[in-house]
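Novice: Sequences listed follow chains A and B, in order. Per the numbering used here, the very first residue in the first sequence carries number 1; after that it's consecutive. Per the numbering used here, the very first residue in the second sequence carries number 1001; after that it's consecutive. All C-beta atoms, glycine included, are put in the ideal place defined by N, C-alpha and C. Keep in mind that this is a model prediction, so the values were computed, not measured.
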Amino acid sequence: MLSKQKLRIAAFSTAVIAFTAMSGSAFAQKKYDTGATDTEIKIGNIMPYSGPASAYGVIGKIEDAYFKMINEQGGVNGRKINFVSYDDGYSPPKAVEQARKLVESDEVLFLFGPLGTPSNSAIQKYLNSKKVPQLFVATGATKFGEHKDFPWTMGWQPAYQSEGKIYAKYLLKEKPDAKIAIMYQNDDFGKDLLKGLKDGLGAKASSMIVAEDSYEVSEPTIDSHIVKLKASGADVYFSITTPKFAAQSIKKVAELGWKPMYFQSNVGASVGSVLQPAGFENSQGILSANYAKDGSDPQWDNDEGMKKFYAFLAKYAPEANKIDGSVVYGYGQAQTVVQVLKQAGDNLTRENIMKQAASLKDFVPDTLLPGVKISTSATDFYPIEQLQMQRFQGQKWDLFGPIISGEVGG
Amino acid sequence: MSAVEDVVTEAPAVEAVPKRSMTLGYGTSLVVLAALILTPLFVKNFIIFQMTQILYFGLAVLALNILTGGSGQFSLGQSAFYAVGAYTSAILMEHVGMNYALTLPVAGAICFGFGFLFGQPALRLSGVYLALATFALAVAMPQLLKLGYFEHWTGGVQGLVVTKPDAPFGLPMSQDMWLYYFTLAITIAIYIFSVNLLKSRSGRAFMAIRDNEIAASAMGVDVALYKTLAFGVSAGITGVAGGLGAIAVQFVAPDSFTITLAIQLFLGMVVGGVGWLPGSIVGAAFIIFVPNIAEGISKGLSGAVFGVLLFLVIFLVPHGARQVAIVAQQLIGKLKKT
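What follows is the structure in structure tokens.
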């Protein structure tokens, strides 16, 4: 249907386009990469504002509000932050489309805080081949800190494996003869944390763990699994669960009259959304680990960092619910990226952004627990690696013991 | 369910001009084809990627169109066939090291078999009951893909990363552009195949079953065979679309193939016009672009805005793109006369 001449024209114009594209990128290598100018820094973000994980969309809104505050205070080194955030509905193919839109159409300097393990897995290869930083991804999957294979991808929160290791350390010290029963969510989060726990227990894992069971996120209730685990005669119970199931688990264990040493994974340890619905009387003595301050915990009311956080909420995000852990999360993450931009100064290339993100030294966002610091290096792409053990007493978490680190990087 | 009514009320109209109403005129086809071939030369890679998306989603919608518009059966389980196709391609490429182009016929064949087998029990069901049975398939699929037994192959919840192919023979093309033309070639081939299928004896048998099953069997049409065949062909094409989707997106994971995808495809079919094959591309464009437009209007209420837009479309043009095309044709005809 096409004449030869037309085909030739087509091939020629393709060549021309390919050529101009190549010469274009060579030209831009002065001080700025695409997305940065004298007046503006363009940052891309992908969030599940709709779909099954839409509860996390709050993180994007808080980050947007935080950058608004920074801009009103004069921006970073005189440049305003332009935060472009798109919805992927927690669907990996949509995340790919949005990531490409951000990089190729909106031409952002880098991607910051895209949420979810499936979405981040989907865009990781693309961003690394384009050499666009995928900075501070909002997931604890351990695979987002592998600096050798993916030098343009960095996590932020403690890797789930770190958390597992910390529980193992504590357990080996406090109760080395424990008989452990484990309940975990059958997805990357559950399996990752479980792996950390087993790695931490080391050779003793196989003798200490007497029962393991998993559930699907789609199950309406996990009660029957818990009955089975209790029957194993275990005296230590791990609930590696997300909020809804964490609450079910706490209730059921209490109902059965089972009194194990109870560990609850951090993602399901929110006072407002888990322990309160499960009943404070059922939650006494539960152990967990944390790295950030709880926005609903009155013990931080006079804390300098949290005062700033509350002031920010009052002015820029009055509708946000401070009980929601995502609010604290978004604030801390946004503060970290602003620190990276400050360090980058006037050298706003993608390479330098990545370099600065990998040279954070003892940086302390307002919302992290006292003693928890963010440190990275060229060979350590796990910003937060420290957690502190906490025990639930009365109506709040009591932190105890030292800050423990559970490094998985290196 | 305007599609249900569509099939019922539209039947006489199709009867009058059964062949032409399924396709575009010769001249229009050439114009569309030229546009599809030439546009990528002048746009950014991202637009090319979106056009590729439209093509493979268009294929999946086309497959559903053959099933629903052709043989009158409903399916909400297309996402399951799509997932099987995508995973087949991804596994063959990443674990077996097969060439991407060769994985597509395999994906198509496996899905054809899968669809044909699923068509057997589906024979006993009709209308909304069939829709429910296929719905169950779509709901089950993501969980089946997560099962531990298959994890070595499917990568479980982590999914599989697929390598994007480079243009062959050292052609001076970006990966995106090459993939676009590759997808376009396959889409055109399948489109021509589908048009001819519906014009053929089998196609007439499909439509006879759609219009009146008893009459069709009285005329000697093997109802059971043709119904399962329609399922098989539809699933096979969907599988190829899934394989292309996996290559273009470079990633497959269970969460990519939820029931939402099946509903999107259904939506694409209705918006494009049930039983009108060229409408599949329009429907695909609708399901890709309109959510983005909705998000542009309001981030917090994108779902609601999308709903309003969809409502407007269904209210103003209940027969989808086909209706627009007919009106346009009439207008052009009038202009020519005056």
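(1) Please confirm if glutamine 1329/B has its CB atom under 8 Å from at least one CB of chain A.
(2) By the criterion of Cβ-Cβ separation under 8 Å, what are the contact partners of alanine 1253/B in chain A?
(3) Please list the partners that glycine 1303/B has in chain A, where partner means a Cβ-to-Cβ separation under 8 Å.
(4) Considering just the uninterrupted stretch of the alpha helix (DSSP H) at methionine 69/A, what are its terminal residues?
(5) Relative to the alpha-carbon of lysine 165/A, which residue among Phe400/A, Gln388/A, Pro383/A, Gly89/A has its alpha-carbon at the smallest distance?
(6) Whose Cβ in chain A lies nearer than 9 Å to the Cβ of glycine 1025/B?
(7) Given a limit of 8 Å on CB to CB distance, which residues of the region 1118 to 1146 of chain B reach chain A?
(8) Checking contacts by CB at 8 Å: is serine 1089/B closer than that to chain A?
(9) So the candidates are Ile286/A, Pro114/A, Tyr262/A; which of them puts its Cα closest to the Cα of proline 133/A?
(10) Under 7 Å Cβ-Cβ, which residues of chain B neighbour histidine 45/A?
(11) Any idea if glycine 410/A is buried or exposed, counting beta-carbon neighbours within 10 angstroms, 16 or more meaning buried?
(12) Taking Cβ-Cβ distances shorter than 9 Å, what residues in chain A pair up with serine 1200/B?
(13) Kindly give me the distance between the Cβ atoms of threonine 1187/B and leucine 1055/B, rounded to whole angstroms, as I take these residues to be in contact under 8 Å.
(14) Could you tell me whether the Cβ of glutamine 1078/B comes closer than 8 Å to any Cβ of chain A?
(15) Which residues does DSSP list as the beta-bridge partners of tyrosine 184/A?
(16) Could you tell me which chain A residues have their CB closer than 8 Å to the CB of lysine 1299/B, listed as they occur along the chain?
(17) I'd like to know if glycine 1097/B contacts chain A, where contact means its C-beta is closer than 8 Å to some C-beta of that chain.
(18) I'd like the span of the alpha helix (DSSP H) that includes valine 1327/B, first residue to last.
(19) Whose C-alpha, out of Phe238/A, Ala246/A, Thr117/A, Ser273/A, is nearest the C-alpha of proline 220/A?
(20) Counting only beta-carbon separations shorter than 8 Å, does lysine 179/A have a partner in chain B?
(21) I'd like the span of the beta strand (DSSP E) that includes lysine 42/A, first residue to last.
(22) 8 Å is my cut-off, CB to CB: does serine 326/A come that close to chain B?
(23) When the Cα atoms are used, what is the spatial distance from valine 271/A to glutamine 284/A?
(24) Given a cut-off of 8 Å on the beta-carbon distance, is the pair glutamine 161/A and glycine 196/A in contact?
(25) Taking only three categories from DSSP, how would you classify leucine 368/A?
(26) Assess contact between the region 1033 to 1045 of chain B and the region 1250 to 1267 of chain B, defined as three or more Cβ pairs (one per stretch) separated by less than 8 Å. Is contact present?
(27) I'd like the list of long-range same chain contacts for isoleucine 46/A, defined as Cβ closer than 6 Å, with 5 residues on each side in sequence excluded.
(28) Mind listing the chain B neighbours of valine 364/A? Cutoff is C-beta to C-beta under 9 Å, in chain order.
(29) Let's test the definition: count the other Cβ atoms within 10 Å of the Cβ of phenylalanine 1311/B and tell me whether it reaches 16, buried, or not, exposed.
(30) Buried or exposed: where does lysine 315/A fall if 16 or more other Cβ atoms within 10 Å of its Cβ makes it buried?
(31) I'd like to check one pair, tyrosine 184/A with leucine 194/A: are the Cβ atoms closer than 8 Å?
(32) Identify which residue in Glu319/A, Ala357/A, Asp346/A, Glu255/A has its Cα closest to the Cα of alanine 65/A.
(33) CB-CB under 6 Å to arginine 1201/B, same chain, minus the five flanking residues each way: which ones, in chain order?
(34) Based on Cα-Cα distance, which residue from Ser359/A, Thr349/A, Tyr382/A lies nearest to leucine 109/A?
(35) Who are the neighbours of serine 224/A on chain B, taking C-beta pairs under 8 Å?
(36) Output the boundary residues of the alpha helix (DSSP H) element that contains proline 151/A.
Specialist: Concretely, from the data shown:
(1) For the purposes of this step, residue 1329/B is identified with residue 329 of the second sequence, where counting begins at 1. No - not a single Cβ of chain A is within 8 Å of the one on glutamine 1329/B.
(2) Indexing the second sequence from 1 puts residue 1253/B at position 253. Within chain A, the residues near alanine 1253/B are Pro92, Pro118, Ser121, Ala122.
(3) Here the question's residue 1303/B lines up with position 303 in the second sequence. Those within 8 Å of glycine 1303/B in chain A are Ser50.
(4) Indexing the first sequence from 1 puts residue 69/A at position 69. Methionine 69/A -> alpha helix (DSSP H) spans 57 to 72.
(5) The sequence position of residue 165/A within the first sequence is 165, counting from 1. For the residues Phe400/A, Gln388/A, Pro383/A, Gly89/A, the minimum Cα distance to lysine 165/A belongs to Gln388/A.
(6) Position 25 of the second sequence, counted from the start, is the residue given in the question as residue 1025/B. Those within 9 Å of glycine 1025/B in chain A number zero; the least Cβ separation is about 15 Å.
(7) Contact annotation: in the region 1118 to 1146 of chain B, residues whose CB is within less than 8 Å of a CB in chain A are Gln1143, Lys1146.
(8) Stepping through the second sequence from its first residue, residue 1089/B is reached at position 89. Not a single C-beta of chain A is nearer than 8 Å to the C-beta of serine 1089/B.
(9) Your numbering for residue 133/A matches position 133 in the first sequence. Just measuring C-alpha positions, the residue of Ile286/A, Pro114/A, Tyr262/A sitting nearest proline 133/A is Pro114/A.
(10) Here residue 45/A refers to the residue found at position 45 when the first sequence is read from its first residue. Contrary to the premise, residue 45/A reads as asparagine rather than histidine in this sequence. Neighbours of asparagine 45/A on chain B: none; closest Cβ ~12 Å, over 7 Å.
(11) Along the first sequence, one-based indexing puts residue 410/A at 410. Here glycine 410/A scores only 37 on pLDDT, less than 50, and its place in the model is too uncertain to base an answer on.
(12) By 1-based counting over the second sequence, the position of residue 1200/B is 200. Neighbours of serine 1200/B on chain A: none; closest Cβ ~23 Å, over 9 Å.
(13) To locate residue 1187/B, count along the second sequence from 1; it is residue 187. To locate residue 1055/B, count along the second sequence from 1; it is residue 55. About 5 Å separates the beta carbon of threonine 1187/B from that of leucine 1055/B, a gap short enough to meet the 8 Å contact definition.
(14) Start at 1 with the first residue of the second sequence, and residue 1078/B comes out as number 78. No, because no Cβ of chain A sits closer than 8 Å to the Cβ of glutamine 1078/B.
(15) The residue given as residue 184/A occupies position 184 in the first sequence. DSSP output for tyrosine 184/A lists Ser214/A, Ile240/A as bridge partner(s).
(16) Residue mapping note: residue 1299/B aligns to position 299 of the second sequence, counting from 1. Taking a Cβ-Cβ cut-off of 8 Å, the neighbours of lysine 1299/B in chain A comprise Tyr49, Ser85, Asp87, given in sequence order.
(17) For the purposes of this step, residue 1097/B is identified with residue 97 of the second sequence, where counting begins at 1. When Cβ-Cβ separations below 8 Å define contact, glycine 1097/B makes no contact with chain A.
(18) What you label residue 1327/B is simply residue 327 of the second sequence in a count that begins at 1. If you look at valine 1327/B, you'll find it in the alpha helix (DSSP H) that goes 1321 to 1337.
(19) For the purposes of this step, residue 220/A is taken as residue 220 along the first sequence, with counting starting at 1. Nearest C-alpha to proline 220/A: Ala246/A.
(20) Walking along the first sequence from the start, residue 179/A turns up at place 179. Judged by the 8 Å Cβ criterion, lysine 179/A is not in contact with chain B.
(21) For the purposes of this step, residue 42/A is identified with residue 42 of the first sequence, where counting begins at 1. Per DSSP, the unbroken beta strand (DSSP E) holding lysine 42/A starts and ends at 40 to 47.
(22) Stepping through the first sequence from its first residue, residue 326/A is reached at position 326. Not one chain B Cβ lies under 8 Å of serine 326/A.
(23) In the first sequence, counting from the first residue as 1, residue 271/A sits at position 271. In the first sequence, counting from the first residue as 1, residue 284/A sits at position 284. Answer to the nearest angstrom: the Cα atoms are 12 Å apart.
(24) Locating residue 161/A in the first sequence gives position 161, counting from the first residue. Locating residue 196/A in the first sequence gives position 196, counting from the first residue. The answer is yes: Cβ separation under 8 Å.
(25) Within the first sequence, the letter at position 368 stands for residue 368/A. Three-state result, leucine 368/A: strand.
(26) Taking 8 Å as the limit for Cβ pairs, the verdict is that the region 1250 to 1267 of chain B does not touch the region 1033 to 1045 of chain B.
(27) Counting from 1 along the first sequence, the entry for residue 46/A is found at position 46. Excluding positions up to five away in sequence, the list reads Tyr86, Asp88, Ala95, Gln98, Pro114.
(28) Sequence index remark: in the first sequence, residue 364/A carries index 364 (1-based). Those do not exist, as valine 364/A stays about 32 Å from chain B at its closest Cβ, beyond 9 Å.
(29) For this step, residue 1311/B is matched to residue 311 along the second sequence. By the neighbour-count rule (16 or more Cβ atoms within 10 Å), phenylalanine 1311/B is not buried but exposed.
(30) Position 315 of the first sequence holds residue 315/A. Lysine 315/A is exposed by the Cβ-count criterion.
(31) As a first step, residue 194/A is located in the first sequence; it is residue number 194 there, counting from the start. As a first step, residue 184/A is located in the first sequence; it is residue number 184 there, counting from the start. Yes, Cβ-Cβ distance for leucine 194/A and tyrosine 184/A is below 8 Å.
(32) Translated into the one-based positions of the first sequence, residue 65/A becomes position 65. With distances taken between Cα atoms, alanine 65/A lies closest to Glu319/A.
(33) Within the second sequence, numbered from 1, the residue matching residue 1201/B stands at position 201. Around arginine 1201/B: no qualifying Cβ.
(34) Walking along the first sequence from the start, residue 109/A turns up at place 109. The candidate whose alpha carbon is nearest that of leucine 109/A is Thr349/A.
(35) In the first sequence, counting from the first residue as 1, residue 224/A sits at position 224. Within 8 Å Cβ-Cβ: nothing; serine 224/A doesn't reach chain B, min ~18 Å.
(36) Residue numbering aside, residue 151/A sits at position 151 when the first sequence is read from its first letter. Per DSSP, proline 151/A lies in no alpha helix (DSSP H) and is assigned neither H nor E.
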